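Residue numbers (this note's numbering): 33 to 322. Even glycine gets a Cβ: it sits at the ideal position worked out from N, Cα and C. Every value quoted in this text rests on a predicted model; they were computed, and no experiment measured them. Data first, discussion second: the structure below is written as structure tokens.
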């Protein structure tokens, strides 16, 4: 089941007019089907002074930047917001990802206001990411900083930017007039309140991030005389594109009686790679031609 909503911007000075919509037809791939009697309510347009919301455009924020695939929590869109008269409630915000980078190039996308993450979003196949704060988010009168952060997980050598394309892409409800959504203004735009852009992001080549597997750490105890003991463990994650690793080197530190350890092998996803070696303290243990 799908719920269909029609939204629009009501022009000023239309008090006393009425407006309504009827479903005229549906094209389901087998031809247009007409409907009779599927109508919405006839709405009366009234007059009220709503809260004010202004987004000064100024410079594109953040500025154009080059980021490595694998970079996390990067600022990819930013605007200052000024709320006047009274508070508004942010019910929803939607952005469009535009450029040559595929939609899967960014992940863990977050809407941040005044340093606090208030909603998470995922870029869909159409390049749209929507944020819906739980129970809405109140913006009090005064200045606020709105940002979008994202992890760069793919799209090497591609570019993208985020755009707030239309006034209806951000729903700001007047805190004292239920159901009345405030249309933000942009003083420097004369043709509407659309296309507030973030800077162009150029995604650099693929990278590898190495993290320690916390299941093996400094307090792990080994059993003397036991064989095939796990001595160290790391996680390697590639971002942006497939990355070929040809050599891995490890630096052993062995204290106490003896300065070497025999039958040291390297395993990748549980399978041994190359032959066992003898590890000597302070000397790199190298596995080549991987």
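| Query | Result |
| --- | --- |
| Specify, as a first and last residue, the run of the beta strand (DSSP E) that residue 122 falls within. | 120-131 |
| For residue 281, does the count of other Cβ atoms within 10 angstroms reach 16, so buried, or fall short, so exposed? | exposed |
| Looking only at its own chain, which residues have a Cβ that is under 7 Å from the Cβ of residue 98, when we skip the five neighbours before and after it? | 234, 236 |
| Sort 285, 253, 85 by Cα distance to residue 122 and report the nearest one. | 85 |
| Residue 311: which of 266, 127, 230, 297 sits nearest, CA to CA? | 297 |
| Considering residue 148, what are the terminal residues of the beta strand (DSSP E) in which it resides? | 148-153 |
| Alpha carbon to alpha carbon, how far is residue 306 from residue 182? | 38 Å |
| Based on DSSP bridge pairs, tell me the residues matched to residue 275. | BP columns for residue 275 are empty, so no partner. |
| What does DSSP give as the partner residues of residue 111 in its beta bridges? | 178 |
| Note down the Cα distance separating residue 242 from residue 270, rounded to an integer number of angstroms. | 9 Å |
| What does the alpha-carbon distance come out to for the pair residue 301 and residue 59? | 50 Å |
| Check whether the Cβ atoms of residue 193 and residue 153 lie closer than 7 Å to each other. | no |
| Could you tell me whether any non-hydrogen atom of the ligand MN is closer than 6 Å to the CB of residue 236? | This structure simply doesn't include the ligand MN, nor any ligand for that matter. |
| As a quick exercise: from 83, 78, 87, pick the residue whose alpha carbon is nearest that of residue 196. | 87 |
| Since residue 312 sits in a beta bridge, which residues does DSSP pair it with? | 292 |
| Applying the 10 Å Cβ sphere with the 16-neighbour rule, what's the burial state of residue 148? | exposed |
| Around the Cβ of residue 213, are there at least 16 other Cβ atoms within 10 angstroms (buried) or fewer (exposed)? | buried |
| Using 10 angstroms around the beta-carbon of residue 72, count the other beta-carbons present and answer buried if the total reaches 16, otherwise exposed. | exposed |
| Whole angstroms are fine: how far does the CA of residue 91 sit from the CA of residue 129? | 19 Å |
| If I measure Cβ to Cβ from residue 304 and keep anything under 6 Å in the same chain, skipping five residues before and after, which residues do I get? | 297 |
| Could you check if residue 158 is buried or exposed, using at least 16 other CB atoms within 10 Å of its CB as the buried criterion? | exposed |
| Within 8 Å, do at least three Cβ pairs link the region 170-181 to the region 101-114? | yes |
| Could you give the first and the last residue of the continuous beta strand (DSSP E) run that contains residue 145? | 138-145 |
| Counting only the same chain and skipping the five closest in sequence on each side, list residues whose C-beta sits under 7 Å from that of residue 291. | 312, 313 |
| Can you find a C-beta in chain D that's less than 7 Å from the C-beta of residue 129? | Structure shown: chain D not included; a single protein chain is present. |
| Reducing DSSP to helix, strand and coil, say where residue 306 ends up. | strand |
| Is residue 199 helix, strand or coil when you go by DSSP? | helix |
| The beta strand (DSSP E) spanning residue 252 covers which residue range? | Here residue 252 belongs to no beta strand (DSSP E), and DSSP marks it neither H nor E. |
| What first and last residue would you give for the beta strand (DSSP E) that runs through residue 171? | 169-171 |
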